[in-house]
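Asker: With full-length UniProt numbering, letter number 45 in the sequence shown gets 95, and the count goes up by one each step, no holes. Think of the CB as a built atom: it goes at the ideal place given N, C-alpha and C, for glycine as much as any other residue. This one's a predicted model, so the numbers in the text were calculated from it and none came from an experiment. Structure provided below as structure tokens; questions to follow.
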Amino acid sequence: PRNRIFFWKVTYSTLAPDGVTRPVILVNEKYPGPKIEVNRGDYVTVIVENALDVPTSFHWHGMTMRGDPWYDGVPGMNQCPIPAGTNFTYAFGTDDVVGTHWWHAHFENQYIDGLVGAIIIRDPPATNPFLHAYDEERNVILTDWYHQATGPLLQTYMSPASNGHEPVPNSGLINGKGTFNCKNVIPADLPCTPTNDRAIFHVLPNRRYRLRIINTAAASSFLFSIDGHQLLVIEADGTDLNPFMVDSLPINTGQRYSVIVVTNQEVANYWMRAEIGMDCLPPGVNNLDPIVLGEVRYAGAGVAPPTSVGRWVPKPPVKGQEPEKNPAFAAACQDLDLFALHPLKPVPILEPITNSYDVKMTFKRNPKDNIVRGYLNDITFEGDAWNPTIVQNLNEGATYTVAEHVMRLDRRDAVVQIILNNPKGGEHPFHLHGHTFQIIAQGQGVYEEGKTPINSINPLRRDTATVPKDGFTVIRFKVDNPGVWSLHCHIEWHVTTGLVMQFLELPDELRAMGIPKHVGKLCETPAPPRFKAH
Ligand code: C2O
Numbered sequence: 051p052r053n054r055i056f057f058w059k060v061t062y063s064t065l066a067p068d069g070v071t072r073p074v075i076l077v078n079e080k081y082p083g084p085k086i087e088v089n090r091g092d093y094v095t096v097i098v099e100n101a102l103d104v105p106t107s108f109h110w111h112g113m114t115m116r117g118d119p120w121y122d123g124v125p126g127m128n129q130c131p132i133p134a135g136t137n138f139t140y141a142f143g144t145d146d147v148v149g150t151h152w153w154h155a156h157f158e159n160q161y162i163d164g165l166v167g168a169i170i171i172r173d174p175p176a177t178n179p180f181l182h183a184y185d186e187e188r189n190v191i192l193t194d195w196y197h198q199a200t201g202p203l204l205q206t207y208m209s210p211a212s213n214g215h216e217p218v219p220n221s222g223l224i225n226g227k228g229t230f231n232c233k234n235v236i237p238a239d240l241p242c243t244p245t246n247d248r249a250i251f252h253v254l255p256n257r258r259y260r261l262r263i264i265n266t267a268a269a270s271s272f273l274f275s276i277d278g279h280q281l282l283v284i285e286a287d288g289t290d291l292n293p294f295m296v297d298s299l300p301i302n303t304g305q306r307y308s309v310i311v312v313t314n315q316e317v318a319n320y321w322m323r324a325e326i327g328m329d330c331l332p333p334g335v336n337n338l339d340p341i342v343l344g345e346v347r348y349a350g351a352g353v354a355p356p357t358s359v360g361r362w363v364p365k366p367p368v369k370g371q372e373p374e375k376n377p378a379f380a381a382a383c384q385d386l387d388l389f390a391l392h393p394l395k396p397v398p399i400l401e402p403i404t405n406s407y408d409v410k411m412t413f414k415r416n417p418k419d420n421i422v423r424g425y426l427n428d429i430t431f432e433g434d435a436w437n438p439t440i441v442q443n444l445n446e447g448a449t450y451t452v453a454e455h456v457m458r459l460d461r462r463d464a465v466v467q468i469i470l471n472n473p474k475g476g477e478h479p480f481h482l483h484g485h486t487f488q489i490i491a492q493g494q495g496v497y498e499e500g501k502t503p504i505n506s507i508n509p510l511r512r513d514t515a516t517v518p519k520d521g522f523t524v525i526r527f528k529v530d531n532p533g534v535w536s537l538h539c540h541i542e543w544h545v546t547t548g549l550v551m552q553f554l555e556l557p558d559e560l561r562a563m564g565i566p567k568h569v570g571k572l573c574e575t576p577a578p579p580r581f582k583a584h
């Protein structure tokens, strides 16, 4: 194991990844941001210089943060925000994690403005089950993309007039590259230069490539595929899987998969498709071209764009009839069949259940301000970024407001079951910090304990799972990681609107751990006045 130190500078910048210039926030002037690639067991230190004029913070999505809970990066839960113009050092171990993960800002909605990047934790050769299963690897970072900065989008969204309809993205990017038809720019005076800049994956014939696919979107789920090739799924959110072959892969925001692609087709160029789940986005007029393309270029095939066709070719339009809809747009709104995916290393189902929570998500107008907000069990989350739970918990008698939605987990090794109910409305990808959970059940309708079939044999383990439209997802985890862990919808707009709660896990042990001085110090800086929108 080594100490790996990363230096990050966070600055404002502008970028035109799809041809349309917009303000962004970047780490080290890069988009996607710098990748953290280390060996399991390495100790990661990230020294962040916040050169913005607003606070920031960073979360390490997929890390358990065992022993380092105050570096998990959620203002109001594990830390105070990093003030403008100051430095802060994050540090975490990687003993209990391998695979494909990512980092992103967790202060307000900053990650949508560009603060995302990959975290790859390599398994040492002795324990890597896929050591001989592939020859090379590539990262595939997916996102939806907006032509405006998050500030103005939020202003529109968090107003009574939005009726709770999330901002609809304008395009999508693969590894920070995309295209857009300048004719469709809204508003029409946005600077747009047509670009054909697509992500290009150069491959050699007859080799095996591991693609690490990360969905860093604000809101969109994708159906991922490569024309003419199948995908052998071997990892979900850091859990190695019994290899499972698919033609296309739904991946929701926050989720990661590794797939192996064998380049055994005719030497040619092929489209890589990341099709945005239009059926999971709010209705409304938009200028989004939902099929985000990259190119897989075989050596020797030249540089002409692919002529490959996808699995679905629309029938020619018939006058007076609705044009046929791409089935990918609906398929992207659900996780892969839960019962088809099983970890390579079997672990028995967690039981017996000691704590069970029914968590029901709803949207309704908040009588206070008439804005449509998200509720978990009738609570719309509102925390105080400058008064984090982990600091409050240092006082033994700390109490929390209803809106902070704190669930205490006091008993070590207790098994927690959460039934995520989504009785009405669109799908929601739920992410739990600090844990990899088991997924016991997932489906349409209502979960009925003892009646609904559960995935009891070697259930899938991951950290982000979709709660289907009009359906449920049931997860379990073990209480063994002292900290404050957020459970929230990873549609970033829904974080702002209140679809968030937190677990205060083993508060006594957590208190005994104290907190590092420089973390405590962050909270001595007074909260700045309301940030200005960039
Ligand atoms: Cu990737 Cu709390 O999020």
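1) What residues in its chain sit with their C-beta under 6 Å from that of T412, if we drop five residues either side in the sequence?
2) Could I get the ranges of all uninterrupted beta strand (DSSP E) runs contained in the stretch 113-186, with 3 residues as the minimum, in chain order?
3) Contact between the stretch 297-315 and the stretch 259-269 is defined here as three or more beta-carbon pairs at a separation below 8 Å; is this criterion met?
4) List the DSSP bridge partners of L65.
5) Ignoring anything shorter than 4 residues, give me the alpha helix (DSSP H) runs that lie fully in the stretch 319-397, in order along the chain.
6) Is the CB-CB distance between D194 and A267 below 9 Å?
7) Alpha carbons only, please: which of F56, V124, L65 is nearest the one belonging to M551?
8) Quick test of your reading: G484 and T71, contact by CB under 8 Å. State the CB separation rounded to the nearest angstrom.
9) Leaving aside the five residues before and after K528 along the sequence, list all residues of the same chain whose C-beta is less than 7 Å from its C-beta, in chain order.
10) Would you mind sorting A453 into buried or exposed? The rule is 16 or more other CB atoms within 10 Å of its CB.
11) Does the beta-carbon of residue 586 have 16 or more other beta-carbons within 10 angstroms, so that it is buried, or is it exposed?
12) Count the C-beta pairs between the stretch 128-138 and the stretch 95-115 that are closer than 8 Å, then say yes if the count reaches three, no if not.
13) Look at the alpha carbon of P417 and the alpha carbon of A211, and state the distance between them as a whole number of angstroms.
14) Count the other C-beta atoms from every protein chain shown that fall within 10 angstroms of the C-beta of Q183, then say buried if there are 16 or more, exposed otherwise.
15) How would you label Q384, buried or exposed, when you count the other beta carbons within 10 angstroms and need 16 or more for buried?
16) Using only the alpha-carbon positions, how far apart do G475 and N314 sit?
17) Between the beta-carbon of V296 and the beta-carbon of A351, is there less than 9 Å?
18) Determine, using beta-carbon pairs with one atom in the stretch 77-88 and one in the stretch 247-258, whether at least three such pairs fall under 8 Å.
19) Going by C-alpha distance, which of P340, Y320, M322 is nearest D329?
20) Measuring from the CB of S536, is there a heavy atom of the ligand C2O at a distance below 8 Å?
21) According to DSSP, is W436 helix, strand or coil?
22) For H156, is the beta carbon positioned less than 8 Å from some heavy atom of the ligand C2O?
23) Under 9 Å, do I490 and N508 count as touching if we go by C-beta distance?
24) In the DSSP assignment, what are the bridge partners of E285?
25) Can you tell me whether I191 is buried or exposed, with buried defined as 16 or more other CB within 10 angstroms of its CB?
26) Could you check the C-alpha separation between H584 and Q205 for me, to the nearest Å?
27) Need the endpoints of the alpha helix (DSSP H) that H544 sits in, please.
Answerer: In short:
1) Y425
2) 137-143, 149-155, 166-172
3) yes
4) R72
5) 378-381
6) yes
7) V124
8) The pair is not a contact, with the Cβ atoms about 38 Å apart (cut-off 8 Å).
9) L400, D463, V465
10) exposed
11) Look at the range of the chain in this structure, 51 to 584, and you will see that residue 586 is not part of it.
12) yes
13) 14 Å
14) It should be noted that the sequence gives Ala, not Gln, for residue 183. So A183 ends up on the exposed side.
15) buried
16) 42 Å
17) no
18) no
19) P340
20) yes
21) coil
22) yes
23) no
24) D290, S308
25) buried
26) With a pLDDT of 40 at H584, under the threshold of 50, the modelled position of that residue is not reliable, and no figure is offered here.
27) 542-546
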